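K.L.:
Every number in this note's numbering is 75 more than the matching position in the sequence shown, counting from 1.
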Amino acid sequence: MTPDILCIGSTLWDIIGRSPTSMRLGSDVPGRISRLPGGVAMNIAMTLRRFGMTPALLTAIGRDAEGEELIAACDRMGLVTAHVYRSDDLPTDRYMAIEGANGLIAAIADAHSLEAAGNKILRPLEDGRLGTEASPWPGLIALDGNLTEALLSDIATSPLFAAADLRVAPASPGKAERLLPLLTHPTATLYVNLEEANILAKAQSSTAPQAAAALLARGASRVLVTNGGAVSAEGSRDGGVIEGAPPPVLVTRVTGAGDTFMAAHIVAEAQGAARQAALDAALRAAASYVSGEIGS
76 MTPDILCIGS
86 TLWDIIGRSP
96 TSMRLGSDVP
106 GRISRLPGGV
116 AMNIAMTLRR
126 FGMTPALLTA
136 IGRDAEGEEL
146 IAACDRMGLV
156 TAHVYRSDDL
166 PTDRYMAIEG
176 ANGLIAAIAD
186 AHSLEAAGNK
196 ILRPLEDGRL
206 GTEASPWPGL
216 IALDGNLTEA
226 LLSDIATSPL
236 FAAADLRVAP
246 ASPGKAERLL
256 PLLTHPTATL
266 YVNLEEANIL
276 AKAQSSTAPQ
286 AAAALLARGA
296 SRVLVTNGGA
306 VSAEGSRDGG
316 VIEGAPPPVL
326 VTRVTGAGDT
336 FMAAHIVAEA
346 QGAARQAALD
356 AALRAAASYV
366 SGEIGS
């Protein structure tokens, strides 16, 4: 199966505890605990596949029992796993989050195996399977910020990515600064929330349109900035900043919402949608996801 987009980054097991009760530090409440495939690259790939694209994963997955289960789950969904780096000595990564009625309470991402694998996950881009330095991958790449800062810096100047349409997402506000080397990449589109945008722009913007303008002023070619249920924005160096408001919905989950937004925007553009239509389609998809209308 030939992929039409590469998803590079974290593919792991999400362990999510959700409660319909508002929570605070020390809360002990009833709820549901689920385990499902996750990680930024994986969440994007699953949504892309749901909308009809064929994504390939470039990631690190262990050969432990959890890794075998994860590969099998990817294969069942129609994701291309032929290029995944499989490690004999690194365990499969995991992410754990607690969500209450008042949103995300806390989360821990254990992506140490992905970080330890380093540039081994990029081998298919240089050994001829997906490209070479002389003939780099010419299509879409969704890249997530769970990679190490050193590897992201290498990617920013690597000839392996010179012909790609790069779509970049931080893994979390805590890892947003890792994307600084990619901020001014000429073919990169950054997908960030307001907090992440302010970290990258070194600004204190209070709205998504302001944050998008600040990122463009810092040298970004193109950005999309979300802000929960408030107005979102898309900004480009040549076209200025446009806005879009997400539909009001009852929020039942938050983990994976930004990844769904990014994937839906990529699909809309791949189908030929104009700027405003693509932004609106992504906001609708994210709203459907957080309301529980789109399955995990």
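All residues carry an ideal CB built from backbone N, CA and C; glycine is no exception. A quick note: this is a predicted structure, and the numbers were derived from the prediction, not measured.
#1: What do you get for L254, buried or exposed, if any count of 16 or more other CB atoms within 10 angstroms of its CB means buried?
#2: For S102, which of helix, strand or coil comes out of DSSP?
#3: When you compare only the Cα positions, how much space is there between E208 and G294?
#4: Alpha carbon to alpha carbon, how far is S210 from L145? Give it in angstroms, no decimals.
#5: So the candidates are N268, A244, G304; which of them puts its Cα closest to the Cα of A287?
#6: Reducing DSSP to helix, strand and coil, say where V365 ends up.
#7: Which runs of the alpha helix (DSSP H) spanning at least 4 residues fall entirely within the segment 167-227, listed in chain order?
#8: Anyone know if the C-beta pair for A308 and A283 falls short of 8 Å?
#9: Measure from the alpha carbon of P213 to the alpha carbon of each residue in L241, Y266, A225, then state which is nearest.
#10: Span of the beta strand (DSSP E) holding G310?
#11: Examine the Cβ distances between the segment 332-349 and the segment 113-127 and report whether three or more of them are shorter than 8 Å.
#12: How big is the Cα-Cα spacing for A176 and D219?
#13: Per DSSP, which one or two residues make a beta bridge with E318?
#14: L92 by DSSP, collapsed to three states: which one?
#15: Tell me the rounded alpha-carbon separation between R312 and A292.
#16: Might you give, ordered along the chain, the residues of its own chain that have their beta carbon closer than 6 Å to the beta carbon of T122, omitting 5 neighbours on each side?
P.N.:
So, from the listed chains and residues:
#1: buried
#2: coil
#3: 26 Å
#4: 31 Å
#5: N268
#6: helix
#7: 187-192
#8: yes
#9: L241
#10: 307-311
#11: yes
#12: 27 Å
#13: A308
#14: The sequence given here places Gly at residue 92; Leu does not occur at that position. Three-state result, G92: strand.
#15: 9 Å
#16: T335, A338
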